[in-house]
Ligand code: ADP
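Numbering (our numbering), first residue to last: 13 to 450.
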């Protein structure tokens, strides 16, 4: 029980670790994706602003026909930029400074002057794109030095600061950022829920087989410990009697030998199961008829069963007329397990019977006995590894609870079925079902 709680704890810790790593990975993914999308959005927004500024720079530098007109207009170049409505947020403004930083186009700025007068000429920013914020208004700006040969005397030889209002863009960028954060957060949660469900589903068979494996190792160790303790006890006892002869200690020696035999059969069974778990057992499948795998196990059991004052009956109808694709040795092994159990769990004068039957496209071999029977609850469990109905009695009869597990594994690899049912009025019937090869 303690071991199981510890295992559950480890499994839960492992699941948590996996979940946290998935959570982290998703967070990094969403964060990176968010940054990329946001940057793309921002740069595409500023790209159009920068394009406008660039066009203005080109027009200032070239001053096509406009320059001639401007020479005669008192308001100079700024007529172009005049806003239609004085209170509307202005989009583009042009400030002209002389070398000393004095604003030259004050008159053309109109009502914008009150805001824009705060901007000082900073020659360090020449030809650099910059963001200027004044009185909560944001501008993308570029400072250029216009050549003294420029046709427009307003610009010629002066510094011109081209400003583009970007309040709308900043507003939409921050809206976009908010929406992006909310959407990504929701998707991150959805992804986490999905990841949680998926990890549980994908981990389930792994956890199950891992649990089975560790239970198997625990049970195997437990089974190995009992005979080893008995042998150790007997040997230690014999060491305390150094002058005794073998005859004197015959009982201890024979008990030890029994336990060695038990250990031997246990390790063999463990090896069989471990090999078939890893699918390393070679199957020697060939087309055969039942007589080739029924004769060998039946013969010796006839003698054993009769010697124990029990009745053995065989009733095989399809010795030669059924063809099966099986590994004969493996099927023999299954029949030995079933006949051995039937013998072990049947009292004196009881009957053990082996017979066959065709059920559709399946060939059935049935081993029945009039023995102690198996309860409905145990019927489901006896094919499990190390499961024994009555542990204390079975130890004396030599079982480890591995026989039926091995039988089931063999039949499964043959794409067949093995199950147990009651033999009326008493006892049980084990049915092995194999597909017939037509
Ligand atoms: P074991 O080596 O202990 O017999 P098995 O895996 O062959 O292990 O069987 C598991 C358990 O199923 C047995 O311990 C026994 O309790 C029960 N069992 C198997 N065969 C029979 C049977 N013919 N009659 C009654 N009980 C049986």
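Glycine is no exception: its CB is placed at the ideal position from the N, C-alpha and C atoms.
Item to complete: Take every Cβ of the segment 179-186, pair it with every Cβ of the segment 158-170, and state whether three or more of those distances are shorter than 8 Å.
Response: no
Item to complete: Report yes if the CB atom of residue 196 is closer than 8 Å to the CB atom of residue 31, and no otherwise.
Response: The residue you call residue 196 lines up with position 184 of the chain shown. The residue you call residue 31 lines up with position 19 of the chain shown. Cβ atoms of residue 196 and residue 31: not closer than 8 Å.
Worksheet item: Say the cut is 7 Å; is the CB of residue 388 nearer than that to a heavy atom of the ligand ADP?
Response: As a working mapping, residue 388 is identified with position 376 in the chain shown. The answer is no for residue 388.
Discussion item. Within 10 Å of its beta-carbon, does residue 291 have 16 or more other beta-carbons around it, so buried, or fewer, so exposed?
Written reply: Counting from one through the chain shown, the residue named residue 291 turns up at place 279. Its Cβ having fewer than 16 others within 10 Å, residue 291 is exposed.
Discussion item. Taking the beta carbon of residue 355 as the centre, do at least 16 other beta carbons fall within 10 Å, making it buried, or is it exposed?
Written reply: The count along the chain shown starts at 1 and reaches residue 355 at position 343. Flag for residue 355 reads buried.
Fill in: Boundaries of the alpha helix (DSSP H) in which residue 322 is found, first to last residue
Stepping through the chain shown from its first residue, residue 322 is reached at position 310. Neither: residue 322 is in no alpha helix (DSSP H) and is coded neither H nor E.
Discussion item. So for residue 447, helix, strand or coil by DSSP?
Written reply: If you number the chain shown from 1, residue 447 lands on position 435. Here residue 447 sits in strand by DSSP.
Discussion item. So for residue 227, helix, strand or coil by DSSP?
Written reply: Locating residue 227 in the chain shown gives position 215, counting from the first residue. Helix, per DSSP.
Worksheet item: Mind checking residue 311: buried by the 16 CB within 10 Å criterion, or exposed?
Response: Stepping through the chain shown from its first residue, residue 311 is reached at position 299. The residue is exposed, with fewer than 16 neighbouring Cβ atoms inside 10 Å.
Worksheet item: From the DSSP output, which residues share a beta bridge with residue 149?
Response: Your numbering for residue 149 matches position 137 in the chain shown. Answer is 146.
Worksheet item: So, are the CB atoms of residue 326 and residue 378 less than 8 Å apart?
Response: Counting from 1 along the chain shown, the entry for residue 326 is found at position 314. Counting from 1 along the chain shown, the entry for residue 378 is found at position 366. Going by C-beta atoms, residue 326 is not nearer than 8 Å to residue 378.
Worksheet item: Would the C-beta of residue 440 count as close to the ligand ADP, meaning under 7 Å from any of its heavy atoms?
Response: Taking the chain shown and counting its residues from 1, one reaches residue 440 at position 428. Yes - the ligand ADP has a heavy atom lying nearer than 7 Å to the Cβ of residue 440.
Item to complete: Decide yes or no for the touch test of the segment 267-275 against the segment 304-319: beta carbon pairs closer than 8 Å, at least 3 of them.
Response: no
Fill in: residue 234 - DSSP class collapsed to helix/strand/coil
For the purposes of this step, residue 234 is identified with residue 222 of the chain shown, where counting begins at 1. In this structure, residue 234 counts as helix in the three-state DSSP scheme.
Discussion item. Can you give me the C-alpha to C-alpha distance between residue 189 and residue 60, rounded to a whole angstrom?
Written reply: Numbered from 1 along the chain shown, position 177 holds the residue referred to as residue 189. Numbered from 1 along the chain shown, position 48 holds the residue referred to as residue 60. For residue 189 and residue 60, the distance between alpha carbons rounds to 19 Å.
Practice prompt. May I ask which residues mark the beginning and end of the beta strand (DSSP E) holding residue 366?
Written response: Walking along the chain shown from the start, residue 366 turns up at place 354. From DSSP, the beta strand (DSSP E) with residue 366 extends over 363-371.
Worksheet item: Do the segment 249-258 and the segment 221-229 touch if we need at least three Cβ pairs shorter than 8 Å?
Response: no
Worksheet item: Hey, quick one: how far does the alpha helix (DSSP H) through residue 121 stretch, first residue to last?
Response: As a working mapping, residue 121 is identified with position 109 in the chain shown. First-last of the alpha helix (DSSP H) with residue 121: 118-121.
Worksheet item: DSSP on residue 313, reduced to helix/strand/coil?
Response: By one-based count along the chain shown, residue 313 stands at place 301. Correct three-state label for residue 313: helix.
Worksheet item: When the Cα atoms are used, what is the spatial distance from residue 48 to residue 149?
Response: Here residue 48 corresponds to residue number 36 of the chain shown, with the count starting at 1. Here residue 149 corresponds to residue number 137 of the chain shown, with the count starting at 1. Approximately 27 Å between the Cα atoms of the pair.
Worksheet item: How many Å lie between residue 191 and residue 199 at the Cα?
Response: Sequence index remark: in the chain shown, residue 191 carries index 179 (1-based). Sequence index remark: in the chain shown, residue 199 carries index 187 (1-based). The alpha-carbon atoms of residue 191 and residue 199 are separated by roughly 12 Å.
Worksheet item: Do residue 415 and residue 400 come within 8 Å of each other at the CB atom, strictly closer than that value?
Response: The residue labelled residue 400 in the question sits at position 388 within the chain shown. The residue labelled residue 415 in the question sits at position 403 within the chain shown. No.
Worksheet item: Hey, which unbroken runs of the alpha helix (DSSP H) at 4 residues or more fall wholly within the segment 167-229?
Response: none
Item to complete: Quick one: measure Cβ to Cβ for residue 65 and residue 152, integer angstroms, because I've assumed they're closer than 8 Å.
Response: Counting from one through the chain shown, the residue named residue 65 turns up at place 53. Counting from one through the chain shown, the residue named residue 152 turns up at place 140. With a Cβ gap of about 7 Å, residue 65 and residue 152 count as contacting.
Worksheet entry | Inter-stretch contact at 8 Å, needing at least 3 Cβ pairs: the segment 337-351 / the segment 387-400 | no
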